[in-house]
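Novice:
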DNA sequence: TTGCTTGCAAAAGGTTTGCATTAAG
DNA sequence: CTTAATGCAAACCTTTTGCAAGCAA
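Protein chains in written order, with our numbering: chain C, 97 to 243; chain E, 97 to 243.
1) So, at 7 Å on beta carbons, what are the nonlocal neighbours of residue 187 of chain C in its own chain, with the 5 sequence-adjacent residues on each side left out?
2) Can you name the residues of chain E whose CB is closer than 7 Å to the CB of residue 136 of chain C?
3) Give a yes or no on whether 8 Å exceeds the smallest Cβ distance from residue 225 of chain E to chain C.
4) Grouping DSSP H, G and I as helix and E and B as strand, with all else coil, what is residue 147 of chain E?
5) Mark residue 193 of chain E as exposed unless 16 or more other C-beta atoms lie within 10 angstroms of its C-beta, in which case mark it buried.
6) Under a three-way DSSP split, which group does residue 109 of chain E fall into?
7) What are the boundary residues of the alpha helix (DSSP H) that residue 234 of chain C is part of?
8) Any contact of the region 222-239 of chain C with the region 122-134 of chain E, i.e. 3+ C-beta pairs under 8 Å?
9) Between which two residues does the alpha helix (DSSP H) carrying residue 213 of chain E extend?
10) Please check if any C-beta of chain E sits within less than 8 Å of the C-beta of residue 204 of chain C.
11) Check each candidate in E:176, E:190, E:98 and E:117 and name the one with the smallest Cα separation from residue 136 of chain E.
12) Would you please verify whether the beta carbon of residue 213 of chain C is less than 8 Å from any beta carbon of chain E?
13) Could you check what DSSP says for residue 119 of chain C in three-state terms: helix, strand or coil?
14) Looking only at its own chain, which residues have a Cβ that is under 8 Å from the Cβ of residue 166 of chain C, when we skip the five neighbours before and after it?
15) Grab the span of the beta strand (DSSP E) containing residue 179 of chain C for me, first residue to last.
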């Protein structure tokens with residue numbers, strides 16, 4: 097089994113959750129897809145792989161994974177859906193305001209944000225999320241050609 | 097009229113939108129409330145001020161304001177609602193994972209994030225948003241006392 | 001065994017939409 | 001005048017919930 101999945105399963109158990117086939121499937125799916133899928137996408141894809149699973153379980157599991165901080169949610173203004181992302185290493189997201197495409201970026205240092213926020217707001221910080229909005233390269237071309 | 101509102105109205109007109117009494121009300125409300133209200137809250141408050149306005153118009157106007165980048169949306173995982181925030185100066189948000197309270201923070205420098213993201217992703221960046229999650233001071237006390 | 005988890009379907013509820021009316025430019 | 005904006009209500013659709021049956025530990 098992949099190392100990352102192994103690590104993630106460990107975390108889930110450590111948090112006191114039972115390990116079920118469905119939870120493994122979803123975790124494995126998230127780790128191996130950089131598409132920032134919605135609950136529906138995960139559900140559809142797993143079904144096509146002849147995997148037995150319900151949409152409610154997908155939602156339940158994602159909610160649980162958000163609690164462990166292993167997974168992060170991105171609410172897209174573009175399609176109105178919640179997208180999920182395995183948060184294996186620190187990164188921010190870029191969302192296209194035209195097509196909704198979400199990509200990762202990692203060349204920005206957020207390491208001091210939690211400390212700064214803790215000092216400034218008094219909050220006990222447990223996580224963070226950063227997103228930039230703009231036109232993806234492909235949509236820039238498309239819109240340019242429409243002129 | 098307040099300077100900030102004056103400035104905002106200017107921006108809206110410059111973007112080619114008509115100025116209506118409802119739009120002024122909502123913009124004024126957002127500028128003068130640091131509560132990060134939902135559409136429903138804005139609607140309720142304006143109604144109590146004997147102001148004639150519909151919920152649909154609140155949503156329409158907020159959508160328009162998001163487009164002008166004058167206002168920013170924060171999707172809260174805590175209450176499942178979208179909160180709005182007049183974005184007069186750069187700042188991030190801290191959301192309490194227990195009570196959902198949202199506060200602003202400004203002691204972190206995001207000024208290079210747009211450039212970095214543009215170089216790294218190729219996106220034409222038009223805005224950004226950063227959020228930290230954790231327990232607010234009040235909820236830290238409450239939970240501590242429950243022990 | 002024990003009670004957390006699953007799965008199905010129904011319900012919820014924030015947000016969007018259609019359309020006739022109104023008013024900004 | 002012309003066209004965009006408003007307001008009302010109905011529709012939408014993602015997400016949540018209730019509960020019986022199933023399965024980790």
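Even glycine gets a Cβ: it sits at the ideal position worked out from N, Cα and C.
Specialist: Checking against the coordinates, here is how it stands:
1) As a first step, residue 187 of chain C must be located in the first chain, where it is residue number 91. 200, 201 and 202, listed in sequence order.
2) Taking the first residue of the first chain as 1, we reach residue 136 of chain C at position 40. Within chain E, no residue comes near residue 136 of chain C; the closest Cβ sits about 17 Å away, beyond 7 Å.
3) For the purposes of this step, residue 225 of chain E is taken as residue 129 along the second chain, with counting starting at 1. Residue 225 of chain E counts as touching chain C.
4) Here residue 147 of chain E corresponds to residue number 51 of the second chain, with the count starting at 1. Residue state, collapsed to three classes: coil.
5) As a working note, residue 193 of chain E is residue 97 in the second chain. Buried, because 16 or more other Cβ atoms sit within 10 Å of the Cβ of residue 193 of chain E.
6) Locating residue 109 of chain E in the second chain gives position 13, where the first residue counts as 1. Looking at residue 109 of chain E - three-state DSSP - the assignment turns out to be helix.
7) Your numbering for residue 234 of chain C matches position 138 in the first chain. It spans 233-241 - the alpha helix (DSSP H) in which residue 234 of chain C sits, taken as one unbroken run.
8) no
9) Counting from 1 along the second chain, the entry for residue 213 of chain E is found at position 117. 209-217 is the extent of the alpha helix (DSSP H) around residue 213 of chain E.
10) Taking the first chain and counting its residues from 1, one reaches residue 204 of chain C at position 108. Yes, contact with chain E.
11) In the second chain, counting from the first residue as 1, residue 136 of chain E sits at position 40. For residue 136 of chain E, the nearest C-alpha among the options comes from E:176.
12) Stepping through the first chain from its first residue, residue 213 of chain C is reached at position 117. Answer yes: the Cβ-Cβ gap between residue 213 of chain C and chain E drops below 8 Å somewhere.
13) Working through the first chain from its first residue, we reach residue 119 of chain C at position 23. Residue state, collapsed to three classes: helix.
14) Walking along the first chain from the start, residue 166 of chain C turns up at place 70. Taken in chain order, the residues that qualify are 104, 107, 108, 123, 182 and 183.
15) Along the first chain, read from residue 1 onward, the residue named residue 179 of chain C stands at position 83. Note, residue 179 of chain C: beta strand (DSSP E), 178-182.
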